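In my numbering, the protein residues as written are 547 to 681.
Quick reminder that beta carbons are idealized off the backbone N, C-alpha and C, glycines included.
A quick note: this is a predicted structure, and the numbers were derived from the prediction, not measured.
Take a look at the structure set out below.
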């Protein structure tokens, strides 16, 4: 992880939908930002603060990757958890998802950044790791 080598989200909010390499029964998510010590400015105000994690069966349908033989029931997004990334703690922070492991396996996960630590221009996400059991 190097300063500036991140997923930049315009403004203090944003979202990203991540396609996983395989379907996973999700249990947790790790979010990483650089530390203040590693930051050229000495601050980490571009770090995400309030984060929500969602899944949906519909995303696979919209992206044309729905596996054959699986019933798509048209459900809306499901919130798996809301978390606060704390810049006073370690740069890499793991959050357990509610009701984990989730009974359904998913290929997509949405990370919704609801706020950051004060940068109005952009928010940086350096690394996201998804934890769970492969379906």
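Query	Result
Give the straight-line distance between the Cα atoms of residue 629 and residue 567, rounded to the nearest whole angstrom.	24 Å
Do you know offhand how far residue 547's Cα is from residue 675's?	13 Å
In terms of alpha-carbon separation, which member of 673, 599, 636 lies closest to residue 660?	599
Secondary structure at residue 663, three-state DSSP: helix, strand or coil?	coil
Considering only the beta carbon of each residue, do residue 668 and residue 550 sit closer than 8 Å?	no
How many Å lie between residue 653 and residue 587 at the Cα?	37 Å
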